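Asks:
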Amino acid sequence: MSEIAKNLKLNRSLLVRLHDCHSPDCSYKVHLIENYRSYKEIVDIPSKLFYGNTLVAHRTRPTGIEYPVHFYGVLGREEWSEDQPSYYNMAEVAQLVERVEDIVDNWPGVWGEVCQSSICVLAPYVAQVKGTVLSVDKKISELFWSPGLYTVLFSLLF
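Numbering-wise, numbering that gives the first Met the number 0 puts 70 at position 71 of the sequence shown, and it's gapless, one number per residue.
This is the structure:
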């Protein structure tokens, strides 16, 4: 990031910049304190990182369903796509494909049948998404293009 951008504080998100514009006791500053959509194990992460452990989950995971958050480290190299103005990382693509195949093969029956609205894969680059979709089996690739209901996979860069 350029020094000009850093001086303008563009290295921080718009929401963080807006949040910091007002004092902590500002009457119209609102914080999420209850979450009714996600399991405790998922809510605990942003609660600890961003909310000072004040965010509370009100949804419990059904018994027999494994832990809903998994992290996988992938060693790979970002490459520039020739056909799109975007990067991709084939090691991450391979890991995403493996995770999707595992999810489809071990889909919990209590969630109903695996379908298009059940799995969503998010990636930071268009070429990464394209590479993932082109790499999976045809029956699985149909699952990629709808918002996720039960499973969301993120391909993140740190």
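Using N, Cα and C, we set each Cβ at its ideal position, and we do this for glycine too.
All values reported here derive from a predicted model rather than from experimental measurement.
#1: Three or more C-beta pairs closer than 8 Å, one from the region 54 to 69 and one from the region 28 to 39: is that the case here?
#2: Hey, glycine 130 and tyrosine 71 are a contact pair by Cβ (cut 8 Å); roughly how many whole angstroms apart?
#3: Report yes if the CB atom of glutamate 97 is closer than 8 Å to the CB atom of glycine 75, and no otherwise.
#4: Alanine 126 to serine 85, Cα distance in whole Å?
#5: Can you give me the Cβ contacts of glycine 147 inside the same chain, cut-off strictly under 6 Å, excluding the 5 residues immediately before and after it?
#6: Does DSSP put histidine 69 in a helix, in a strand, or in coil?
#7: Using three-state DSSP, classify isoleucine 3 as helix, strand or coil.
#8: Is it buried or exposed for tyrosine 35, if we count other Cβ within 10 angstroms and need 16 for buried?
#9: In angstroms, rounded to a whole number, what distance separates the CA positions of valine 109 and isoleucine 102?
Replies: Straight from the coordinates:
#1: yes
#2: Glycine 130 to tyrosine 71, Cβ: 17 Å. No contact.
#3: no
#4: 6 Å
#5: Note that glycine 147 scores 39 on pLDDT, short of 50, meaning its location in the model is unreliable and no value can be drawn from it.
#6: When secondary structure is reduced to three states using DSSP, histidine 69 falls in the coil class, being assigned neither helix nor strand.
#7: Correct three-state label for isoleucine 3: helix.
#8: exposed
#9: 14 Å
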